[in-house]
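First the structure, in the form of structure tokens, and then the observations on it.
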Amino acid sequence: MYRTGRSLRGILFAVILALLAPAGAVGSVQTERAEGLFRDADAVTVLAEKYYRVEEDGSYELRCRLVTEILTYRGKKEHADLKIAYNNAWQSVEILKAVTHRPDGEKVSAMAEEIHDIQSPGTARSSIYSRARQRVVNFPAVTPGCTIEVEFTVHSSIGFWAIESLAASDPVLKKKVEVDLPAGMPLVFSGAEGVSHTTVGHGKHRTIYCWEVLDVPGRVPEGMEPPAENRPMCITMSTYRSWDDAAAFFRSILLKGTGTPERPVVPGWLERLADPGDIYISFMERMRPYSIGFFSTDLVPQSPAETLEKGYGTTVDLALCFSAILAEKGLSSRLLLLNRRGIFIGDLSPCPGFLDTAVVSCRGACYAFYSRDLPPGFSGFEGRYALDISGGRLEKVIGTRRSRRKSILSMKIDGRGMAAGRFTVLSDGSAAAGRRKQLRFLSPMELRIRRDRFLNAVDPFARAAGPFLVAGVDDLRACVELSCGFTVSRPVAGEEDYSVLNILPTGLPGNYKDILRGRRNRLMISHDFSDILEEKITFPDNFDVVFLPPSGAGDLKCLSWNIETEFGRSHITIRRVIRLKRGILEPGRECSLFRQAVSGLFSPGSGRVIFRRSM
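Numbered per my numbering, the sequence shown spans residues 5 to 619.
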């Protein structure tokens, strides 16, 4: 990758400052300070100014100005096309200025044909409902050493909330965020750790809140980071005083002020069903879900009758329809709204925009609608905060099922050192949903390949001894079960003095150790997950066990484990339970302890048994 040298970067930066200074883009900046921020950067945000003007009805206008210096070819690739996300159902975007400042002083403005709209790629599979768009500005004549400058406005006609990150992957020389709103209108905000704000009166009728940062280094992205809203240097803000006010916003849209969804005529295929789980299974068999965020739509939900007639809808449409059917059958339920991306919203300001999907709570279980493969009573959102729009309060999602995988291995070693046994894996929750998608439409040949891969986890030389059992794929109430008898076509314990038998590895991602090494940013465990192993190895009397994995237990912020090993006269039993817990780990001690625990669970000593033949 082409990179400019440090001395050249300083010269380019001085030239850019000279070009922009007459226009008031930035003040005087010492070259030494710039050199430090430029080091190893592909681009630098010279200036970012964002000004929100909020009106009495909650509508607002955002005026934004961005000045970015391009240092490398990679920086050109990342910044030559600016994408401004908006929803064309209630927002509009106007480009006021888009200019490339070349190193020789030439200014090249973007032409009309270089500014266009595209559908947001993230909603491509739900385009029938998508109103999410991106205004794309293709800056002309961009090369390393150029500076690009853009000014635009965004007009929004619904209530005000915003998310502002004061740090980016590129260094930021200056960023300023101002919110101008009528006097007396609340502004509730949170985040931006270590960054203070100022409040300035503007006449008798307006108040301005301001945040400003200088010389913010570029942040290095790392795997498994939490969403931007849960990172330092991020502000979440809204004009909603409480979650109850946010709930009122949703009630006005989803329930039309009635408090409950419109009731449809219950179709004949549901008339004889009384259990919510049975109703859910039958309902989802006939519905096609479109998993699109609510704020990527036009915010006009289908009526339950329309959803039943069409046989498809967004997750919110299906939740409204299911809740209405339950009400028609005399079953009380509640509509809960939550965030699909896993944002930890408990300590954030009450922003309606966080809540983009829905589940229905009924009789102590929650039902989700983004997949047709979910078991009843499992939503995949267990442990997350959701907003009860009827009560106006946050509560944790509960469920009657948990996401888990249980592996059961029974193996017998004969006097020749040959092995045979049975291997079974039970999956529940989201793990079962993934299995169902993989297995439902496999051909006989593909099923044999799946069987061989399944037995490879036991031993590379394991071969099937009997049929490959696949159960629970079509029964959503059951766990998905895979089971097969096997023989091993080579001695697992040979004639040599010592033989090593590997036990089944943990289901934790193997890249945790690499992700945690030298961690600088927070790490997020987005879902609870349990990995259970029960392994029994029976062996003849002429075998001695030299080494067993040690027993042990531990409990950390996002991880707990319990390992029990039992040694009998002619058998070994190993039971291992590892549980991942949803949460955010801070860099430093928390990540270090987590990495030590994961390294121990992956260590060679935790995954092998050593035998020796008696003489």
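Note that beta-carbon positions come from the ideal geometry of N, C-alpha and C, so glycine has one too.
Excluding residues up to 5 positions away in sequence, T243, R245 lie with their Cβ nearer than 7 Å to the Cβ of P190 in the same chain.
Under DSSP, I529 forms a beta bridge with G587. Scanning its chain for C-beta atoms nearer than 8 Å, with the 5 sequence neighbours on each side dropped, one finds around K314 the residues Q306, in chain order.
The beta strand (DSSP E) runs lying completely inside the segment 235 to 279 and spanning 3 residues or more are 238 to 242, given in chain order. Of the candidates L274, L352, G222, L352 places its Cα closest to the Cα of I239. Between the segment 136 to 145 and the segment 79 to 96 there are three or more inter-stretch CB-CB distances shorter than 8 Å, so the stretches are counted as touching.
Rounded to whole angstroms, the separation of the alpha carbons of F164 and C355 is 9 Å. The C-beta distance from S555 to E568 rounds to 5 Å, short enough to fall under 8 Å. The secondary-structure analysis by DSSP pairs C488 across a beta bridge with F427, F472. Pairing P513 with R420, the inter-Cα distance amounts to about 36 Å.
Assignment of I453 by DSSP, reduced to helix, strand and coil, places it in the helix class. Here A45 has L75, D174, P175, G222 as same chain residues with Cβ atoms under 7 Å from its own Cβ, once five neighbours each way along the sequence are excluded.
The criterion of a C-beta distance shorter than 8 Å is not satisfied by V602 and I536. Shown here, G357 sits in a helix according to DSSP, grouped into three states.
Contact check for T361 and L391: beta-carbon distance about 11 Å, past the 8 Å limit, so the pair fails to qualify. Looking at the backbone, the Cα of V141 and that of I119 are separated by about 5 Å. Counted as a single uninterrupted DSSP element, the alpha helix (DSSP H) harbouring T319 occupies residues 319 to 332. In the three-state reduction of the DSSP assignment, I152 falls in the strand class, which pools E and B. Exclusion of the five residues before and after C325 leaves P308, T311 as the residues of its chain whose Cβ lies within less than 6 Å of its Cβ.
Here S130 has Y294, I296 as same chain residues with Cβ atoms under 6 Å from its own Cβ, once five neighbours each way along the sequence are excluded.
In this model, T127 and S383 are separated by some 21 Å (Cα to Cα).
Contact check for S407 against F533 passes: the beta carbons are separated by less than 8 Å.
In the DSSP assignment, G438 falls outside any beta strand (DSSP E) and lies within the alpha helix (DSSP H) extending over 434 to 443. 8 Å or more divides the Cβ of I529 from the Cβ of G592. Within the model, the alpha-carbon separation for G205 versus S169 is close to 24 Å. In the structure shown, the three-state DSSP call for K81 is helix. Assignment of beta strand (DSSP E) within the segment 92 to 162, counting only whole runs of 3 or more residues, yields 95 to 105, 111 to 113, 119 to 123, 136 to 142, 151 to 160 in chain order.
By alpha-carbon distance to F598, the top candidate from S610, K585, G609 is K585. For P308, the uninterrupted alpha helix (DSSP H) run begins and ends at 308 to 314, by DSSP. In this structure, V181 is the residue among G188, V181, K208 with its C-alpha nearest to the C-alpha of S200.
Residue range 176 to 186 is occupied by the beta strand (DSSP E) that includes D184. Judged by DSSP secondary structure, L505 falls outside any alpha helix (DSSP H) and instead within the beta strand (DSSP E) spanning 502 to 506.
Taking C-beta separations shorter than 6 Å and ignoring five residues to either side along the sequence, the partners of H209 in its chain run A187, following chain order. Between the segment 391 to 401 and the segment 413 to 427 there are fewer than three inter-stretch CB-CB distances shorter than 8 Å, so the stretches are not counted as touching. Distance from C483 to S431 at the Cβ level is roughly 6 Å; contact confirmed, criterion being Cβ atoms closer than 8 Å.
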